[in-house]
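To get our numbering, take the position in the sequence shown, counting from 1, and add 56.
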Amino acid sequence: MSLAGSTAIYPGSFDPLTLGHDDIVRRALRLADRVLIAVAETSTHVKRPAFSLEERVSLITEVYADEPGVEVVPFSGLLVDFAARHGARVIIRGLRAVSDFEYEFQMALMNRSLSPEIEVIFMAPASNYTFLSSSLVREVAALGGDVSPYVPHIVLERLARRYGGAPDG
Ligand code: ADP
């Protein structure tokens, strides 16, 4: 399938954006000309969100300021409607381990049933990011641990401001 000239949507809550997410964004840019990062509200089961939707959108926009192929937009509602509004027929999801698979598979099939013209593409990150999740980063950062190997520098600075402490690098 040629995705030249196409827009791929990469949806998620990105609370916060990690280097695992970034790895997927950069892989997606090899397939599509434009990657639209669709930032969702954090789900209600997240007890301690790190950043508000507005903060996440502005933070991720800053991370990709020098990347013309990446756009960042907040989103709510049905993903397939959002995709249609933006003329996108491809949704990208990262797949880390078997544990991601069941939920992702269900969601992909549901999205297909809602909108048959949309394809979901699963991408595997570099192996060193397969264990990485936003919730783990939030937890470690909140407890004062060093998350510098796992997030872009701009995110690290913002986490330090959020939880106290200074980034050292
Ligand atoms: P959601 O709440 O929709 O799962 P996340 O922000 O946690 O939102 O994740 C967004 C997408 O990025 C999902 O497809 C998720 O599987 C993927 N993802 C999260 N962390 C990583 C990682 N370390 N490597 C690859 N993909 C990841």
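Every residue, glycine too, gets a C-beta built ideally from N, C-alpha and C. For clarity, every value in this text was computed on a predicted model and none was experimentally measured.
Buried or exposed (CB count within 10 angstroms, at least 16 for buried), residue i
i           : result
residue 72  : buried
residue 88  : buried
residue 225 : Summary for residue 225: the model assigns pLDDT 46, below 50, so the residue's position carries little reliability, and this model does not support an answer.
residue 92  : buried
residue 120 : buried
residue 144 : buried
residue 154 : exposed
residue 207 : buried
Backbone secondary structure at residue i - three-state DSSP
i           : result
residue 92  : strand
residue 225 : With a pLDDT of only 46 at residue 225, under the threshold of 50, the placement of this residue in the model should not be trusted; the figure read from the coordinates follows. Here residue 225 sits in coil by DSSP.
residue 177 : strand
residue 219 : helix
residue 107 : coil
residue 100 : coil
residue 125 : coil
residue 149 : strand
residue 201 : coil
residue 63  : strand
residue 76  : helix
residue 131 : strand
Check: residue i C-beta below 6 angstroms from any heavy atom of ligand 1
i           : result
residue 132 : no
residue 80  : yes
residue 188 : yes
residue 181 : yes
residue 70  : yes
residue 149 : yes
residue 86  : no
residue 200 : no
residue 120 : no
residue 104 : no
residue 152 : yes
Whole-Å CB distance - residue i paired with residue j, under 8 angstroms assumed
i           : j           : result
residue 214 : residue 115 : 6 angstroms
residue 160 : residue 168 : Actually they are not in contact, since the Cβ atoms of residue 160 and residue 168 sit about 12 angstroms apart, beyond 8 angstroms.
residue 186 : residue 152 : 5 angstroms
residue 83  : residue 179 : 5 angstroms
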